[in-house]
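One structure below.
2 protein chains.
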Amino acid sequence: MTPSERLDATFAALADPTRRAILSRLALGEASVLELAEPFAMSQPAVSKHLKVLERAGLVSRSRDAQRRPCRIEIVPLTEVTDWLAEYRKLWQANFARLDTLLEEMKADAASQASAMNPTDFTTKED
Amino acid sequence: MTPSERLDATFAALADPTRRAILSRLALGEASVLELAEPFAMSQPAVSKHLKVLERAGLVSRSRDAQRRPCRIEIVPLTEVTDWLAEYRKLWQANFARLDTLLEEMKADAASQASAMNPTDFTTKED
DNA sequence: CAGTTCTAAAACTTATTGGTTATATAAATG
DNA sequence: CATTTATATAACCAATAAGTTTTAGAACTG
Numbered sequence: 001m002t003p004s005e006r007l008d009a010t011f012a013a014l015a016d017p018t019r020r021a022i023l024s025r026l027a028l029g030e031a032s033v034l035e036l037a038e039p040f041a042m043s044q045p046a047v048s049k050h051l052k053v054l055e056r057a058g059l060v061s062r063s064r065d066a067q068r069r070p071c072r073i074e075i076v077p078l079t080e081v082t083d084w085l086a087e088y089r090k091l092w093q094a095n096f097a098r099l100d101t102l103l104e105e106m107k108a109d110a111a112s113q114a115s116a117m118n119p120t121d122f123t124t125k126e127d
Numbered sequence: 001m002t003p004s005e006r007l008d009a010t011f012a013a014l015a016d017p018t019r020r021a022i023l024s025r026l027a028l029g030e031a032s033v034l035e036l037a038e039p040f041a042m043s044q045p046a047v048s049k050h051l052k053v054l055e056r057a058g059l060v061s062r063s064r065d066a067q068r069r070p071c072r073i074e075i076v077p078l079t080e081v082t083d084w085l086a087e088y089r090k091l092w093q094a095n096f097a098r099l100d101t102l103l104e105e106m107k108a109d110a111a112s113q114a115s116a117m118n119p120t121d122f123t124t125k126e127d
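Quick mapping for you: the protein sequence lines, in order, are chains F and H. full-length UniProt numbering puts the first residue of the first sequence at 1, with every later residue one more than the last. full-length UniProt numbering puts the first residue of the second sequence at 1, with every later residue one more than the last.
Put into structure tokens, the structure is as follows:
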């Protein structure tokens, strides 16, 4: 999977409220499929499918404990998401800074024009 | 839209590489639909659809300039995403901290058991 | 080994997504 | 006013997603 594809998978996995709830639950500690399914008004296979999506995105991993397949969260993929957001903010802020200086210049321009029309240095002129 | 629905929309909007590219482009400054479509191997209506998704998620807004509809980014929805990620990390870290102290306790336990079986204070015993 | 428990897979349905082409609308321009 | 330019909408298609029920498989339990 390319980095872009990983971002696709991670964002898509996070775009579902059931999956976000599952992750929040798992942030508190490992849980089995049935334990995870319990609070939801949906069948066990549906939850298994959601877990598959999360697993494919690398957001959960699973071990084996008898018949159980305990799930636990993995945070690594979130760093890529966080990095993307940070980079995006950086670009945006740079653009914002440029806009900001542009506005400053316009303000300064307007001020100097105003002073040209209504010069304050006339004060130096003796009457 | 509820906060959860806004998260759905935002994450889903970010789950597509074309839309992320559009956002990165817009982070550099406003652009029209055709300008945005230019680098992509896809039709103008396809880009318009992507913009609609981004707009619905609140990630872009548009103004009017003659026939053009310049797009610009909006960062507000990203704060909700960032907040969710932060909250998630916090939960995870709390759980991690618990696991950590648990492991510390186990280590301490093992150490005291080991010292009981193979007491180091035997060094005080003369030979 | 028969039964139970936990999970996954198969087969199916319905809705959504991401793209297409063709057409309509809105605003400027000659 | 006819034409061009920029964008949106409509109608369509194929693929994917999210759910269902039913069935299969894997591992424990009596």
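Just so you know, even glycine gets a beta-carbon here, dropped at the ideal spot from N, CA and C.
DSSP three-state assignment for residue i, whether helix, strand or coil
| i | result |
| --- | --- |
| Arg25/H | helix |
| Arg68/F | strand |
| Ser32/F | coil |
| Asp8/F | helix |
| Thr2/F | coil |
| Asp16/F | coil |
| Ala41/F | coil |
| Pro119/H | Residue placement at Pro119/H cannot be trusted, given a pLDDT of 39 that sits under 50; the coordinates are not used to answer. |
| Ala57/F | coil |
| Leu103/F | helix |
Bridge partners - residue i, DSSP secondary structure assignment
| i | result |
| --- | --- |
| Arg62/F | Cys71/F |
Contact belief for residue i with residue j at Cβ below 8 Å, rounded distance in angstroms
| i | j | result |
| --- | --- | --- |
| Leu54/H | Val47/H | In fact, because the Cβ distance is near 10 Å, the residues do not count as touching under 8 Å. |
| Ala57/F | Thr2/F | Contact flag wrong, Cβ pair sits at about 14 Å. |
| Leu85/H | Thr82/F | 7 Å |
| Asn95/H | Ala110/F | Incorrect: roughly 56 Å between the Cβ atoms, too far for contact. |
| Ala15/H | Ala12/F | 4 Å |
| Ile73/F | Leu23/F | 6 Å |
| Arg64/F | Ser32/F | So it is not a contact: roughly 11 Å between Cβ atoms. |
| Pro17/H | Ser4/F | 5 Å |
| Glu104/F | Cys71/F | Actually they are not in contact, since the Cβ atoms of Glu104/F and Cys71/F sit about 53 Å apart, beyond 8 Å. |
| Arg20/F | His50/F | Going by Cβ atoms, the distance from Arg20/F to His50/F rounds to 10 Å, so no, they are not a contact pair. |
Residue i: CB within 6 Å of a non-hydrogen atom of the ligand FAD
| i | result |
| --- | --- |
| Thr79/H | For the ligand FAD, the structure offers nothing, since it holds no ligand at all. |
Contacting positions in the segment 18-30 of chain H - beta carbon closer than 8 Å to chain F: Arg20, Leu23, Ser24, Ala27, Leu28, Gly29
With 9 Å as the limit, tell me which residues of the segment 65-92 of chain F have their beta carbon closer than that to any beta carbon of chain H; keep them in chain order. Ile73, Ile75, Leu78, Val81, Thr82, Trp84, Leu85, Glu87, Tyr88, Arg89, Lys90, Leu91, Trp92
Just by C-beta distance, which residues in the segment 91-114 of chain F are closer than 7 Å to chain H? Leu91, Trp92, Asn95
Can you list, in chain order, the residues of the segment 28-52 of chain F whose Cβ is nearer than 7 Å to any Cβ on chain H? Leu28, Gly29
Any beta strand (DSSP E) of 3 or more consecutive residues that is wholly inside the segment 70-100 of chain F: 71-73
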